[in-house]
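In our numbering, the protein residues as written are 104 to 514.
We treat Cβ as the ideally placed atom computed from N, Cα and C, and that holds for glycine.
Laid out in C-alpha cells, this is it:
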C-alpha cells in the first residue's frame, strides 16, 4: 500500500500529467521580473546564397530562424549589420552542404570559416549546426539550435517519451512501453535518456539510447517500492534518485553500471524527490516536504551541508540547476505555479511568468538563457520555450495530445 510520503514522491513526478486546468479568480498578482539588457547584434545574411535545389533554400530559412530564435541576433540589411555572413548552400550527390564566412564588421575581423555536409534528409541538422557555430563565434556562448528536447506525450493511449529538435520539428517517439512513463532526463552524454516506467506495473528506472534504431532500453534499478526522479551527474558516472525501499522516499546516489547506493537523506517524517546536480557535480538541489509543504533544499554530494533555500510561495518544486549556476523552479503563488529563478548563494529570486495558467517543470537550454517548461490551462498542457532575457515565449508542441516533463539535452 502506498503511504503518504510515497504518494508525495509520486505526485512530484507525475503531477503535471494528472492535473487539469483549474479556474482562478482573476489573474495572479505575482510580480514578474524578466532579466533584460541582452543587446542583440545585427547580422546580415544576404551574402549567403542558395542554388536551385529546394533543400538549400530550406537550409537558409532554417538558419535564419535559428539565429533569430537564439535571442542574440536580429537579421538586418547590410548597411547596419555588425556581422556579415557570406557563403552558400547547395545540393550535390544526395548531400546538402553549407559554407560560410562570418565577419565582425566592427573589428574588420573574420570570426568564422566553416563548412558542413550532410545527407539531404538531414538538412535541418546542417542548418542547426551552422547556426550554433555562428552564435559561438560571434557571441562566445553555446548555441541551442542543435540541441534536443525530450518530453512525455499522449499521442497514443499511453504516456510515452518523445524527442524533438529545439525548434519543435522532427518530433519522434522513442519509447513503446504502452504504459506510464515519467520524469525523462537527458544524460549529459547527449545520447541517453533516463526515466521511470510502469511497464512492468512497478516503477523502475530505465535508460534508453536514442542513437539506436529502435532505441535500446536498459533497466537501471529494480529496488522495492518507488524508483523515481533519476538525474545523471555532469560527468555521466553517477545517478541521483529517490527510493522508498526503506519506507519514506529518500535521496540516494548510485554509480552507473552498479547497484551500490549511497544514502543522502534520512527523514523519517518527510519525503525527498526531484534532484538536480550543480554544474560542478558537487551539490544537489532537491524537493523535500520536511516543513510540511514541498520546498527546495541543497546538500553536497554526500548528503552533508543541508540547507533550505526557498521560503516564498506555498510550494516550490521541480528545481533545475543551470550551467551558469542559477536554479529554475516552479513556485505556487496566488493559487498558480509560476516559473521562478533563485541564486543559491544569495537567495535572491525572481519570477518569470504571471498569467492565469500553471507553469511547471522548467528545464534549461545549454546556453543558460532559455527555459522549456509546461504550461497548463483550460485542461490542456503544452511545452513552451521562455527566454529569460525577454523575447516572446514560443509554443513548442503540436496541437494534438498533451505534453509534459520536458528535458533539454546538454548538446
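Contact check, residue i vs residue j, beta carbons under 9 Å
i	j	result
residue 151	residue 199	no
residue 447	residue 401	yes
residue 277	residue 262	no
residue 237	residue 215	yes
residue 163	residue 230	yes
residue 201	residue 190	yes
residue 268	residue 251	yes
residue 459	residue 439	yes
residue 185	residue 146	yes
residue 298	residue 291	no
Nearest-angstrom Cα separation, counted from residue j out to residue i
i	j	result
residue 421	residue 462	11 Å
residue 414	residue 398	8 Å
residue 496	residue 475	10 Å
residue 396	residue 350	19 Å
residue 204	residue 217	7 Å
residue 490	residue 471	10 Å
residue 500	residue 259	15 Å
residue 135	residue 457	Note that residue 135 has pLDDT 37, beneath the 50 cutoff, so the model's placement of it is unreliable and the number below is only indicative. Whole-angstrom Cα-Cα distance: 6 Å.
residue 359	residue 176	40 Å
residue 405	residue 345	15 Å
residue 309	residue 328	15 Å
residue 265	residue 342	22 Å
residue 433	residue 228	32 Å
residue 305	residue 206	57 Å
residue 392	residue 424	19 Å
residue 363	residue 322	15 Å
residue 498	residue 479	12 Å
residue 331	residue 435	22 Å
residue 312	residue 289	10 Å
residue 233	residue 455	30 Å
residue 505	residue 167	29 Å
residue 221	residue 249	14 Å
residue 170	residue 154	21 Å
residue 181	residue 192	19 Å
residue 493	residue 143	11 Å
residue 473	residue 208	28 Å
residue 301	residue 256	15 Å
For residue j and residue i, believed in contact at Cβ under 8 Å, the rounded distance
i	j	result
residue 197	residue 223	6 Å
residue 513	residue 293	6 Å
residue 353	residue 370	7 Å
residue 509	residue 486	5 Å
residue 226	residue 161	6 Å
residue 253	residue 283	Not a contact, Cβ separation roughly 16 Å.
residue 444	residue 431	6 Å
Residues bridged to residue i (per DSSP)
i	result
residue 479	461, 484
residue 387	380, 402
residue 201	192, 219
residue 467	474
residue 322	309
residue 342	335, 357
residue 364	357
residue 253	266, 510
residue 330	346
residue 289	296
residue 444	431, 453
Below-9 Å beta-carbon distance, residue i vs any chain B residue
i	result
residue 374	Chain labels in this structure do not include chain B; a single protein chain is all it has.
The stretch 375-386 touching the stretch 334-353, judged by at least three CB pairs closer than 8 Å | Contact holds between the stretch 375-386 and the stretch 334-353, because three or more Cβ pairs, one in each stretch, are under 8 Å apart.
Are there three or more Cβ pairs, one per stretch, closer than 8 Å when the stretch 371-379 is compared with the stretch 316-328?
-> The stretch 371-379 is not in contact with the stretch 316-328.
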